[in-house]
Each structure stands twice: as structure tokens, then as C-alpha cells.
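Chains as they are written, first to last, in this note's numbering: chain F, 9 to 643; chain E, 9 to 410.
The beta-carbon is built from N, C-alpha and C at its ideal position, and this holds for glycine as well.
Here the structure is a predicted model, which is why all the values come from computation and not from measurement.
Some notes on the structure that comes next.
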Amino acid sequence: MSIGLSGLRAAQAGLSTTGQNISNVNTAGFSRQQTVQTASTSQFTGSGYIGTGVDVTTVQRVYSDYLTAALRETTGTSAAADAYSTQVSQVDGYLADSSSNLSSATDSFFAAVQAVSNNPSDAASRQTMLSTAQTLTTRFNDLSGRLQAQGAAADRQIDDSVSQVNTLAQQVAVLNRSILSTGSASGSQPPNDLLDQRDALMQQISGLVGGTALQQSDGTLSVFVGNGQPLVVGSNASTLTTIPDDQDPTKKQLAVTINGQTQRVATQQSVGGTIGGLLQFRDDILTPTENSLGQIAIGLGSALNAQNQLGQDANGNPGAALFTIPAPVVTARATNSTGAALAVTITNPSQLTASDYRLDYDGTNYTLTDLSKNTSQQFSSLPQTVDGIQIAVSSPLAAGDRFTISPTRNGASGIALAASDPSAIAAAAPVALSVGSSNTGAAQLGSLTVATGSSSWPANLQTPVAVEFHVSGSTTTYDLVDPSTNAVLSSGNAYSAGTTISQNGWNLTLTGAPADGDTFTVGPNTGGTGDNRNALLLAAVQQATVTSVGSAQTTYNGLVGLIGDKAQEASSLSTSESNLLSQSQDARDSVSGVNLDEEAVNLQKYQQAYQAASKSIATAEVMFESILALFTTTT
Amino acid sequence: MRIATTTLYDRGLAAINVAQDNLAISQEQVSTGKRVNTASDDPIAATEILRTTSSLANNTQYIANQAAATQQLGTTDSTLGQVTDLLQSVRTTLVSANNGSLSDSDRASLSTNLKGQLDSLVALANTQDGDGHYLFAGYHTSTTPFANNGTSVTYAGDDGTRSIQVSATRQIAISANGADVFNRIAQGNGVFTTAAAAANTGGGIIDTGTVADPSALTGHTYDVAFTVANGATTYQVTDTTTNTAVGSATPFTAGSTIAVAGMQFDISGSPADGDHFTIAPAGKQSMFQTLQNAINLLAQPTTAAGATAKLATGLASAVSNIDNALDNTSSVRATVGVRENELTALGTSANATDTDGQARLSTLQDTDYAKSVADLTKDQASLSAAEKVFATINAKSLFDYL
Numbered sequence: 009m010s011i012g013l014s015g016l017r018a019a020q021a022g023l024s025t026t027g028q029n030i031s032n033v034n035t036a037g038f039s040r041q042q043t044v045q046t047a048s049t050s051q052f053t054g055s056g057y058i059g060t061g062v063d064v065t066t067v068q069r070v071y072s073d074y075l076t077a078a079l080r081e082t083t084g085t086s087a088a089a090d091a092y093s094t095q096v097s098q099v100d101g102y103l104a105d106s107s108s109n110l111s112s113a114t115d116s117f118f119a120a121v122q123a124v125s126n127n128p129s130d131a132a133s134r135q136t137m138l139s140t141a142q143t144l145t146t147r148f149n150d151l152s153g154r155l156q157a158q159g160a161a162a163d164r165q166i167d168d169s170v171s172q173v174n175t176l177a178q179q180v181a182v183l184n185r186s187i188l189s190t191g192s193a194s195g196s197q198p199p200n201d202l203l204d205q206r207d208a209l210m211q212q213i214s215g216l217v218g219g220t221a222l223q224q225s226d227g228t229l230s231v232f233v234g235n236g237q238p239l240v241v242g243s244n245a246s247t248l249t250t251i252p253d254d255q256d257p258t259k260k261q262l263a264v265t266i267n268g269q270t271q272r273v274a275t276q277q278s279v280g281g282t283i284g285g286l287l288q289f290r291d292d293i294l295t296p297t298e299n300s301l302g303q304i305a306i307g308l309g310s311a312l313n314a315q316n317q318l319g320q321d322a323n324g325n326p327g328a329a330l331f332t333i334p335a336p337v338v339t340a341r342a343t344n345s346t347g348a349a350l351a352v353t354i355t356n357p358s359q360l361t362a363s364d365y366r367l368d369y370d371g372t373n374y375t376l377t378d379l380s381k382n383t384s385q386q387f388s389s390l391p392q393t394v395d396g397i398q399i400a401v402s403s404p405l406a407a408g409d410r411f412t413i414s415p416t417r418n419g420a421s422g423i424a425l426a427a428s429d430p431s432a433i434a435a436a437a438p439v440a441l442s443v444g445s446s447n448t449g450a451a452q453l454g455s456l457t458v459a460t461g462s463s464s465w466p467a468n469l470q471t472p473v474a475v476e477f478h479v480s481g482s483t484t485t486y487d488l489v490d491p492s493t494n495a496v497l498s499s500g501n502a503y504s505a506g507t508t509i510s511q512n513g514w515n516l517t518l519t520g521a522p523a524d525g526d527t528f529t530v531g532p533n534t535g536g537t538g539d540n541r542n543a544l545l546l547a548a549v550q551q552a553t554v555t556s557v558g559s560a561q562t563t564y565n566g567l568v569g570l571i572g573d574k575a576q577e578a579s580s581l582s583t584s585e586s587n588l589l590s591q592s593q594d595a596r597d598s599v600s601g602v603n604l605d606e607e608a609v610n611l612q613k614y615q616q617a618y619q620a621a622s623k624s625i626a627t628a629e630v631m632f633e634s635i636l637a638l639f640t641t642t643t
Numbered sequence: 009m010r011i012a013t014t015t016l017y018d019r020g021l022a023a024i025n026v027a028q029d030n031l032a033i034s035q036e037q038v039s040t041g042k043r044v045n046t047a048s049d050d051p052i053a054a055t056e057i058l059r060t061t062s063s064l065a066n067n068t069q070y071i072a073n074q075a076a077a078t079q080q081l082g083t084t085d086s087t088l089g090q091v092t093d094l095l096q097s098v099r100t101t102l103v104s105a106n107n108g109s110l111s112d113s114d115r116a117s118l119s120t121n122l123k124g125q126l127d128s129l130v131a132l133a134n135t136q137d138g139d140g141h142y143l144f145a146g147y148h149t150s151t152t153p154f155a156n157n158g159t160s161v162t163y164a165g166d167d168g169t170r171s172i173q174v175s176a177t178r179q180i181a182i183s184a185n186g187a188d189v190f191n192r193i194a195q196g197n198g199v200f201t202t203a204a205a206a207a208n209t210g211g212g213i214i215d216t217g218t219v220a221d222p223s224a225l226t227g228h229t230y231d232v233a234f235t236v237a238n239g240a241t242t243y244q245v246t247d248t249t250t251n252t253a254v255g256s257a258t259p260f261t262a263g264s265t266i267a268v269a270g271m272q273f274d275i276s277g278s279p280a281d282g283d284h285f286t287i288a289p290a291g292k293q294s295m296f297q298t299l300q301n302a303i304n305l306l307a308q309p310t311t312a313a314g315a316t317a318k319l320a321t322g323l324a325s326a327v328s329n330i331d332n333a334l335d336n337t338s339s340v341r342a343t344v345g346v347r348e349n350e351l352t353a354l355g356t357s358a359n360a361t362d363t364d365g366q367a368r369l370s371t372l373q374d375t376d377y378a379k380s381v382a383d384l385t386k387d388q389a390s391l392s393a394a395e396k397v398f399a400t401i402n403a404k405s406l407f408d409y410l
């Protein structure tokens with residue numbers, strides 16, 4: 009009977025384990041459980057060993073350390089790839105979108121410039137040019153605004169994820185304490201469900217921040233993030249936080265606070281999970297895209313400003329800047345000495361790169377590091393001009409001071425239209441040539457341009473100067489004369505076909521041979537309402553090299569191509585990572601997952617065992633009854 | 009391999025998700041008609057699309073600019089055509105005026121007629137384009153370029169020539185300034201002018217002359233002075249620039265050629281004693297001035313001694329100046345015509361560029377409908393297959409039989 013009873017107990021245990029498995033078929037992280045039963049020590053009799061029934065030794069979970077660790081790891085990498093890919097595809101979406109991209113706004117603006125050059129005195133064309141210029145700046149602002157909004161959303165998501173990691177870490181620490189208290193390490197029965205819960209929590213942590221888990225001999229699980237910063241040790245959890253990056257204070261960096269001590273998570277690359285993916289997006293996509301857009305905005309805006317400033321507006325005045333160009337962003341490290349400050353200015357907009365720079369001062373030398381190329385150069389003194397920016401000290405630095413310089417960071421967000429009056433468009437050139445009325449030679453105007461390179465009219469640009477030719481035999485020379493005083497400014501200058509005659513900041517070329525005594529006078533362009541020479545030059549800025557990459561269009565195409573590549577790469581990586589994840593999940597489930605058909609069989613098996621054991625008890629009882637009946641009958 | 013029950017559900021769901029994802033992509037391609045909807049669909053094609061779209065936009069602008077240039081040049085061309093007609097009619101009038109049978113009053117009426125022609129010429133020179141801009145004012149397109157104050161016509165424009173960007177590499181001049189068209193016209197035969205002195209009393213008539221030897225030209229001014237003594241007429245040529253006599257006094261034969269420093273000219277008729285003729289390097293004179301001079305000349309009565317000869321000399325020089333004006337107008341018109349031809353060629357090439365660009369863009373971004381619709385059908389089939397499989401596999405459980 010006791011044998012039957014042990015069988016009954018074993019079958020009951022089996023049934024409840026099966027029941028547990030069936031109930032938890034959809035519980036995340038649940039490992040199916042099995043009862044382990046062994047035949048109990050048999051009794052020796054003269055006729056041999058007679059069984060005494062069955063013992064349920066333990067209930068164990070079917071579990072593979074290796075597969076669980078693999079699943080955890082792929083969860084981390086897959087979440088990182090997924091977060092990164094989702095973010096990049098958004099940027100990709102609006103950079104290439106045919107209605108919101110920069111190309112369409114640039115094209116419309118230059119079409120309007122062409123319209124002004126076709127009809128420079130038409131107020132409507134000028135107004136259209138200003139309106140399309142406004143659209144262009146708004147497009148820059150919008151694109152940058154979208155990037156910034158996405159950056160802010162990514163930041164919020166990082167902060168949310170960080171607090172989630174902290175909650176999960178606390179829970180792991182609590183579970184560690186409970187598991188420790190069961191004393192399972194010292195041989196008592198394993199707390200299967202607690203272990204499963206802890207594995208599930210750990211998998212969630214991996215999905216958020218990556219990290220590694222190490223099973224300790226006392227049964228607790230230690231969790232490390234980044235390159236070895238402890239998040240959970242035993243029953244203590246530390247706190248994950250975000251702090252400004254030491255290398256580049258404009259960026260966020262993860263840190264772990266243990267007992268009030270903050271440890272930086274050294275490199276962003278070592279962080280996985282959603283947070284890792286978002287950090288990678290911030291560093292690899294968001295900042296470079298913002299910088300690159302800024303590079304185009306500053307390059308294009310400055311080139312148009314410079315050309316407009318060399319022209320003459322509708323009121324006959326020197327052209328003014330059409331756009332307001334934002335200044336470089338300088339961020340000081342929080343630990344810098346008091347008052348230390350840099351003054352950074354743009355000296356050559358077309359040489360600007362999309363890089364950020366770090367300036368370190370060690371007390372003697374200044375080290376400037378290009379953060380995207382990771383190259384550095386040393387200076388013993390400032391100011392220095394590098395890549396189109398001039399770096400100067402505006403307030404003395406102390407050893408150990410560090411600054412991050414982002415020359416183009418605010419370019420796209422800050423560019424604005426400076427001109428509001430259509431007459432501010434300088435369609436005309438400030439100088440005009442007048443051909444002497446008694447000239448007999450064939451010489452005609454080739455071109456008359458204002459020397460580029462300055463940001464305003466050269467001095468005396470409009471002072472009239474007469475060019476007088478002298479032909480003697482095959483030798484042609486010219487004198488430059490002040491027509492009002494007849495004072496000779498320079499004489500006997502050699503002239504041959506195509507010679508450029510320069511004075512007061514203008515350059516003149518003639519076509520055809522001048523005759524002896526011919527004069528050409530360069531003077532102010534008064535009343536030249538139909539003059540479109542500078543408008544043509546403004547239109548030419550479209551094809552001109554305005555950034556270190558090339559024209560505005562080329563630079564933007566490069567950016568779109570780069571982001572498109574990254575998005576494609578991220579998307580295929582995300583797909584392959586998610587395949588890996590489902591493979592690991594399948595592998596883990598094939599060992600630890602519940603199969604209902606299997607449990608149905610088990611249910612049947614234990615039910616029958618239970619019935620059989622009951623039967624054996626019943627049989628024993630019948631036997632017992634019949635023996636008792638013997639006595640009953642005799643009495 | 010052992011399969012967990014959740015694996016069956018997960019796999020079924022994953023298969024449906026993949027099928028739906030593919031279906032969504034095919035659907036987008038079919039409904040937008042575009043193969044590349046974001047740069048990541050095909051990064052290389054995406055940048056190429058941006059480049060092509062932008063160059064097409066530029067090309068469209070160039071086509072519009074070409075139309076503007078063609079219109080402007082067309083207006084210039086037809087105006088210059090009218091100028092030519094007018095000058096030809098002026099020339100006819102001047103030739104007909106050189107007729108001894110005409111009376112002073114006949115000439116006065118011709119003079120009035122020419123005054124009308126002058127007004128027409130000024131009106132033509134002040135032609136405006138469709139936008140109200142003066143065609144022949146250089147850059148001063150808002151200022152009336154030519155004004156007739158009764159004695160002369162003044163120019164208020166400048167020497168500027170407006171250009172328009174008509175292709176990526178070509179700017180074409182769309183205007184001819186008034187100074188080049190109307191004002192700077194060579195006088196006489198283009199090299200030198202001949203004139204009779206105002207005080208001449210004889211019947212000597214000088215022609216416009218020709219250049220015999222270009223290498224001998226000096227660019228100096230010469231005076232031919234006649235002396236009639238004892239029935240013999242002689243002339244003395246003097247270089248008035250250097251004030252030196254050229255050769256010695258020579259007997260005069262009417263109609264014989266006189267050659268000086270590479271130039272040669274005829275003096276016909278009978279010059280009186282003390283008559284002078286001046287040979288000077290040709291300057292530039294506006295066609296308005298030529299016309300005004302002719303008007304003044306024809307208004308003069310021919311009663312005074314030598315007046316008929318002066319009239320003939322003046323008319324000859326006027327005709328020659330008008331011929332020069334005609335030449336100049338033709339040559340400006342020819343350059344305008346060349347530019348119009350060039351614009352036609354550029355237009356053809358711009359239209360071809362447009363067609364090519366559209367074709368390129370279509371290849372780059374347009375959906376291959378046959379393929380996409382086939383894909384769509386295939387994706388639909390695989391979605392319903394995935395759903396069917398999911399339903400079948402999960403329909404049965406061992407528990408059904410317990």
C-alpha cells in the first residue's frame with residue numbers, strides 16, 4: 009500500500025508539474041519543469057530486493073545556460089540594431105522626400121534668381137526671389153528642427169530606458185536576495201520560478217542596455233554594463249545615469265553610480281540594447297547630418313552674401329548681406345578653469361567641414377582634434393586658422409581646459425533671411441564702362457567685373473578712371489588717367505589681346521584691337537536699372553564650390569547618399585539581427601519551451617500512473633479486505 | 009527537433025509579418041508609381057535622382073531663359089529691320105534731292121519729309137520690349153534713351169549689353185546698346201572724310217574718295233587750296249596736322265584723281281580762287297546727326313555763289329554716311345541673327361536634354377509595373393499561404409482527443 013501511495017504522490021507531483029507547465033505556456037522566460045523521480049531504496053529479503061516505491065527527488069527546470077546567454081546577447085544586439093534602424097530610416101525619409109528635401113527649395117530659389125537676371129528692374133521678380141530665399145532658409149530650419157526634435161525624442165527615450173534599467177536592476181537585486189535566502193547553492197531545492205524570473209529580467213536589461221551576466225557560486229547573478237561597470241552585484245544595484253561626455257560635452261554619455269561614485273561607461277560602442285542603438289544614432293547620424301546641413305547653409309548663404317555685397321542694389325547702394333549666418337558653437341567642459349573662453353569665427357565658409365573639433369590646452373600647447381577624422385595638430389599659440397575657422401583665445405586658458413568647437417552645428421537651424429526689401433537684391437554691377445565717342449578701333453567690352461574675395465566694395469571702386477590706348481607700330485600700351493583732373497595714374501602699361509586691366513578693385517578685359525587714342529572710361533553705374541551682371545553671378549553660385557565638398561547640390565547629394573546607405577545597412581542589419589534573435593529564441597524554446605502536445609501526453613501518462621497507483625492501493629485494499637473477510641467468515 | 013508550442017505561434021506570426029511587410033512594399037511601389045521612395049531603397053539611385061531632378065529644373069529654367077532671349081532678340085531684329093527700311097527710304101530721298109532741276113522749295117519739302125523720317129528713327133530707337141524696357145538703352149532700360157532737342161539727338165543710355173544665361177555654360181547677349189547701333193557710325197568712306205569749305209564760291213565738287221594704299225595712311229588732316237590766276241587753276245595740298253606743304257602747286261584738271269598719303273579723291277567742276285577742300289580722318293557720327301545735317305543742308309537756298317556745289321558735296325557725303333549706317337545696322341542685325349540661330353540650336357539641345365533627363369529619371373525611380381504587379385500578386389499569395397498554414401497548424405491539439 010505504501011508503494012502505491014508513493015506512486016500516487018509521484019503521479020500527483022507529475023500532474024501538478026504538468027499543470028504548471030500548461031499554465032505557463034505563454035509566460036515569458038518560463039522554463040518547462042520536470043519531476044525527477046527515482047525508485048526508493050528497496051528492501052532486502054531472503055527472496056531478493058523488494059521495491060518500496062518511488063521518491064520524487066526534485067522538480068528541475070529544463071534549461072540551458074548557453075542558450076539563455078545566447079538569447080540574452082542577441083536580444084541586446086537586435087534591440088540596438090532595431091532602435092538605430094528605426095531612427096535612421098526617419099532621417100532618411102525626410103532628407104530624400106521629394107516635397108521636403110533641400111534640393112527642391114534650392115532649385116526654386118535659383119530659378120527665381122534667374123528670373124531676376126532676366127528682368128532685373130521687375131519688382132515682382134525681386135519679391136519672388138526674396139520669398140524663395142525665405143522658403144530656402146525655412147527649409148534649412150525645418151530639416152534641422154526635425155533632426156533636433158528627433159534628437160530630443162531619442163534623449164527622452166534614453167532617459168526612460170535608463171530609469172527602466174534601474175528598476176529592472178533593483179528587481180534583479182531583490183531576486184538575488186530571495187534566491188540567496190533559499191540556500192539553493194548549498195544543496196537545497198532550486199527555486200525554479202525565481203530563477204526564470206531573474207533570467208527574464210536580465211533579458212529585458214539586455215534589450216535596453218546590453219551588458220553581461222555572471223552567475224556567482226552563491227547563486228546570485230552579477231550584471232555588468234558597458235565594458236565592465238557593475239550594475240548589480242549580489243543584492244546591491246547601482247544606478248545608471250547619463251552625464252555629458254568628457255571628450256565632447258555636447259554629447260551624452262552613460263555612467264554608473266556606485267555608492268555615490270560615478271564611473272563613466274568608457275565607450276559608446278560597448279553599450280548595447282535600445283540605449284546603445286540610440287546613442288549610436290546620435291553620434292553617427294544626428295550630429296553629422298546636422299553639421300552637414302549647417303555646412304551647406306553656411307557655405308551657400310555666405311557665397312550668396314559675398315556676391316550680393318559686391319553688387320549694386322536697386323537704389324544704387326552697395327549690396328548688403330542677404331542672409332544671417334550663424335556663428336560656430338563653442339562648448340566648454342564643465343571642469344574648465346573659471347572664465348576661460350575661446351572666440352571662434354568663420355574665415356572661409358567654403359573650407360568648412362562637417363566635423364566637430366576638440367581643443368585641449370596642456371599649459372604650453374594647444375591640441376586641436378578633428379573628432380570625425382580623429383586627427384590632431386598641435387599649436388604653441390593661438391589664434392590659428394584651420395579648415396576655414398579662426399580659433400582665438402578671448403579669455404586666458406589654464407592647463408587641462410577643454411573645448412568642443414562645432415563650426416556648422418547651428419548653420420541650418422540659425423540661418424535666416426536678413427534682407428526684407430526687394431530692392432536690396434544687388435542685380436547690377438557697381439561699375440560700368442563707357443566707350444569713347446571718337447574711338448576708331450574695334451575694341452569692345454569683353455568683361456568688367458569686381459574683384460572677388462572681399463566682403464564689400466573695394467575702396468575707390470566707383471572713382472572714374474579712363475583707359476587711354478597708344479598704338480605705335482605693333483606695340484600697344486595704355487595709360488590710366490583720372491578723367492576729371494587728367495592726372496596720369498599709370499602710364500605705358502603693355503597691352504596685348506586679352507590683357508586684364510585692373511584698377512581700384514575692378515578687372516576689365518576688351519575684345520578686338522584698340523586704335524591709337526581710343527579711350528574707355530570705367531565709372532559708377534548710375535541709372536543701370538536693366539543691368540543684370542551681378543544677378544548672373546548670383547545665379548552662378550548654384551554651380552559654384554561653396555563647401556569643402558563642392559556645390560550645395562553636390563554636398564546635399566552626398567549627405568542623402570550617405571544617410572541612404574546607412575539606413576539601408578541598418579535595415580538589413582536589423583533584419584538579420586532579428587532573424588538571429590528568433591533563431592536563438594527558437595533554440596532556447598526548443599529546450600525550455602512548453603509543448604502542449606507533450607504536456608497532454610504527460611498529463612495522460614501521470615493520470616494513468618495515478619490511476620494505476622490508485623488501482624494498486626485498491627488491489628492492496630481488496631487483498632486486505634479478503635484477508636479480513638476470512639476472519640469475518642470464521643467468526 | 010523539439011518544438012515549443014509558442015515557437016509555432018511565433019513562427020506563424022513572423023511569416024505573416026514578413027509577408028505583410030513585402031505586400032506593403034509592393035503596394036507602395038504600385039500606388040506611388042515609384043520604385044525609390046526613400047534614399048535607403050537604393051542610395052545610389054536616390055542621389056542620381058536628386059542630381060537629375062535638379063539638372064532638369066535648371067534645364068527648364070534655361071529653356072524659359074532661351075524663350076525670353078529669343079523674344080528679346082526677335083523684337084530687336086524686327087526693329088532693326090524697320091530701321092533699315094527707314095534708312096533706305098532716307099537714302100532714296102537724298103539721291104533724288106541731288107537733282108539740278110529741283111527748286112529750293114522742292115528741296116525744302118524734302119527737308120520736311122526727312123524731319124519726319126528723323127522723328128520716326130528716334131521713335132524706333134526708343135522701342136520698348138513687352139515689359140516696357142527700352143531695347144537700345146544699354147543698362148538704362150528704364151530711361152528713354154534718345155531725345156531730340158531740335159538741333160541734335162542726345163543719348164541717355166550707356167554702353168552696357170545685357171546677357172541672359174541660356175545654358176549651363178553660355179550667356180547670350182540679348183540687347184544691342186544705342187551707342188553701338190545708332191551713334192558710333194563711321195563717317196565718309198570709313199577712313200577719311202572730304203568736305204568743301206563753307207566759304208567756297210566756285211563749282212568744285214569733291215567726291216567721298218577711296219583708300220589706294222592702306223599702308224601709306226597717316227591719319228593726318230589735309231587741306232587742298234585752289235588758286236585761279238591768269239585762267240590757270242592750280243591746287244596746293246597741305247598737311248594741316250604738321251603744317252607742311254605736300255608736293256608743290258599742281259595744275260588742276262576737273263575730274264582728275266588727286267592722291268595724297270594713300271588716299272585718292274576726285275574734284276570735279278570748277279573751283280574758284282581761294283576755295284578749300286578738307287580731307288580729314290573719319291570720325292564717328294550718329295545717324296541722327298547725319299539726318300539732321302541733311303535736313304539743314306536741304307533747307308538752305310542755293311542762291312549764293314558755290315551753294316549748288318556745296319549741296320552736291322554735302323549730299324554725297326550724306327549718302328555715304330547713310331550707307332555706313334545701313335552697313336552698321338546690317339552687321340548688328342547679323343549678330344542678332346547669329347544669336348537667334350544659336351538659341352534655336354540651344355533650344356533643340358535643351359529639349360533633348362529634357363527628354364533624356366526625364367527618361368533617365370523614369371529609369372531610376374519609376375516602378376516597373378509588370379514586375380511590381382507580379383510581386384504584389386506573389387506577396388498576396390504568400391500572405392494567404394502563411395495565414396492558411398498558421399490556421400492549419402494551430403487548429404489541432406492533442407487535447408482535442410483527450
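Helix, strand or coil: which one does DSSP assign to leucine 453 (chain F)?
For the purposes of this step, residue 453 (chain F) is taken as residue 445 along the first sequence, with counting starting at 1. Looking at leucine 453 (chain F) - three-state DSSP - the assignment turns out to be strand.
Label valine 630 (chain F) either buried or exposed according to how many other C-beta atoms from any shown protein chain fall within 10 Å of its C-beta, with 16 as the threshold for buried.
Taking the first residue of the first sequence as position 1, residue 630 (chain F) is located at position 622. Label assigned to valine 630 (chain F): exposed.
Should glutamine 303 (chain F) and leucine 360 (chain F) be called a contact, given that it needs their Cβ atoms to be closer than 8 Å?
Position 295 of the first sequence holds residue 303 (chain F). Position 352 of the first sequence holds residue 360 (chain F). Their beta carbons are under 8 Å apart, which means glutamine 303 (chain F) touches leucine 360 (chain F) by this criterion.
Could you tell me the distance, in whole angstroms, from the CA atom of serine 256 (chain E) to the CA atom of valine 245 (chain E)?
Locating residue 256 (chain E) in the second sequence gives position 248, counting from the first residue. Locating residue 245 (chain E) in the second sequence gives position 237, counting from the first residue. Roughly 8 Å between the two C-alpha positions.
Whole-Å CB distance - glycine 307 (chain F) paired with serine 358 (chain F), under 8 Å assumed:
Locating residue 307 (chain F) in the first sequence gives position 299, counting from the first residue. Locating residue 358 (chain F) in the first sequence gives position 350, counting from the first residue. Contact holds; Cβ gap of about 6 Å.
Buried or exposed for threonine 416 (chain F), please, with buried defined as at least 16 other CB atoms from any protein chain shown within 10 angstroms of its CB.
Residue mapping note: residue 416 (chain F) aligns to position 408 of the first sequence, counting from 1. Under this definition threonine 416 (chain F) is a buried residue.
What's the call for threonine 383 (chain F), buried or exposed, on a 16-neighbour Cβ count within 10 Å?
Indexing the first sequence from 1 puts residue 383 (chain F) at position 375. When all chains shown are included, threonine 383 (chain F) counts as exposed.
To which residues does DSSP link tryptophan 514 (chain F) through a beta bridge?
In the first sequence, residue 514 (chain F) corresponds to position 506, counting from 1. DSSP output for tryptophan 514 (chain F) lists F:Val458, F:Gln511 as bridge partner(s).
To the nearest angstrom, report how far apart alanine 160 (chain F) and valine 182 (chain F) are at their CA atoms.
Position 152 of the first sequence holds residue 160 (chain F). Position 174 of the first sequence holds residue 182 (chain F). Roughly 33 Å between the two C-alpha positions.
Minimum Cβ-Cβ distance from glutamine 173 (chain E) to chain F less than 8 Å
Counting from one through the second sequence, the residue named residue 173 (chain E) turns up at place 165. So, interface residue.
Start and end residues, beta strand (DSSP E) containing isoleucine 275 (chain E):
The residue labelled residue 275 (chain E) in the question sits at position 267 within the second sequence. Here the beta strand (DSSP E) through isoleucine 275 (chain E) covers 271-276.
Length of the line joining the Cα atoms of aspartate 362 (chain E) and serine 556 (chain F):
Position 354 of the second sequence holds residue 362 (chain E). Position 548 of the first sequence holds residue 556 (chain F). Approximately 30 Å between the Cα atoms of the pair.
Member of F:Gln619, F:Arg147, F:Ala450, F:Gly500 whose CA lies at the smallest distance from the CA of leucine 301 (chain F)
The residue you call residue 301 (chain F) lines up with position 293 of the first sequence. For the residues F:Gln619, F:Arg147, F:Ala450, F:Gly500, the minimum Cα distance to leucine 301 (chain F) belongs to F:Arg147.
Mind pulling the alpha helix (DSSP H) runs of 4 or more residues that sit fully within the region 107-182 of chain F?
110-126
Run the CB neighbour count on glycine 215 (chain F), radius 10 Å, all protein chains shown included, and call it buried at 16 or more, exposed below.
The residue you call residue 215 (chain F) lines up with position 207 of the first sequence. Its Cβ being crowded by 16 or more others within 10 Å, glycine 215 (chain F) is buried.
Integer Cβ distance of valine 62 (chain F) from glycine 15 (chain F), believed to fall under 8 Å
Start at 1 with the first residue of the first sequence, and residue 62 (chain F) comes out as number 54. Start at 1 with the first residue of the first sequence, and residue 15 (chain F) comes out as number 7. That belief holds up - the Cβ atoms of valine 62 (chain F) and glycine 15 (chain F) are roughly 6 Å apart, short of 8 Å.
Could you tell me which of E:Ala204, E:Arg192, E:Lys292 sits nearest to proline 279 (chain E), measuring between CA atoms?
For the purposes of this step, residue 279 (chain E) is identified with residue 271 of the second sequence, where counting begins at 1. That would be E:Ala204, whose Cα lies nearest to the Cα of proline 279 (chain E).
Cβ contact check for the region 548-565 of chain F and the region 480-495 of chain F: 3 or more pairs under 8 Å
no
Within this structure, are the beta carbons of glycine 531 (chain F) and valine 443 (chain F) separated by less than 8 Å?
The sequence position of residue 531 (chain F) within the first sequence is 523, counting from 1. The sequence position of residue 443 (chain F) within the first sequence is 435, counting from 1. Taking 8 Å as the Cβ cut-off, glycine 531 (chain F) and valine 443 (chain F) do not qualify as a contacting pair.
Endpoints, the beta strand (DSSP E) within which threonine 49 (chain F) is located:
On the first sequence, position 41 is the one that residue 49 (chain F) refers to. Premise fails: threonine 49 (chain F) is in no beta strand (DSSP E) and is neither H nor E.
Would you mind working out which of F:Asp256, F:Gly242, F:Gln237 sits nearest threonine 249 (chain F), comparing C-alpha positions?
Here residue 249 (chain F) refers to the residue found at position 241 when the first sequence is read from its first residue. Ranked by Cα distance from threonine 249 (chain F), the first of F:Asp256, F:Gly242, F:Gln237 is F:Gln237.
Count the other CB atoms, across all protein chains shown, that sit within 10 Å of the CB of isoleucine 58 (chain F); report buried if there are 16 or more and exposed otherwise.
The sequence position of residue 58 (chain F) within the first sequence is 50, counting from 1. By the 10 Å Cβ count, isoleucine 58 (chain F) comes out exposed.
By how many angstroms is the C-alpha of serine 97 (chain E) removed from the C-alpha of tyrosine 147 (chain E)?
Reading the second sequence from its first residue, position 139 is the one you call residue 147 (chain E). Reading the second sequence from its first residue, position 89 is the one you call residue 97 (chain E). One C-alpha to the other measures close to 31 Å.
Which of the three DSSP states is assigned to phenylalanine 260 (chain E) in this structure?
Along the second sequence, read from residue 1 onward, the residue named residue 260 (chain E) stands at position 252. It is coil, neither helix nor strand.
Can you name the start and end residues of the alpha helix (DSSP H) that threonine 152 (chain E) belongs to?
As a first step, residue 152 (chain E) is located in the second sequence; it is residue number 144 there, counting from the start. Neither: threonine 152 (chain E) is in no alpha helix (DSSP H) and is coded neither H nor E.
Taking contact to mean 3 or more Cβ pairs, one atom from each stretch, closer than 8 Å, check whether the region 407-414 of chain F and the region 253-260 of chain F are in contact.
Yes, they touch.
Thinking just about the alpha-carbon of each residue, which of E:Tyr230, E:Phe234, E:Gly270 is nearest to the one in asparagine 251 (chain E)?
Indexing the second sequence from 1 puts residue 251 (chain E) at position 243. The shortest Cα separation from asparagine 251 (chain E) among E:Tyr230, E:Phe234, E:Gly270 belongs to E:Tyr230.
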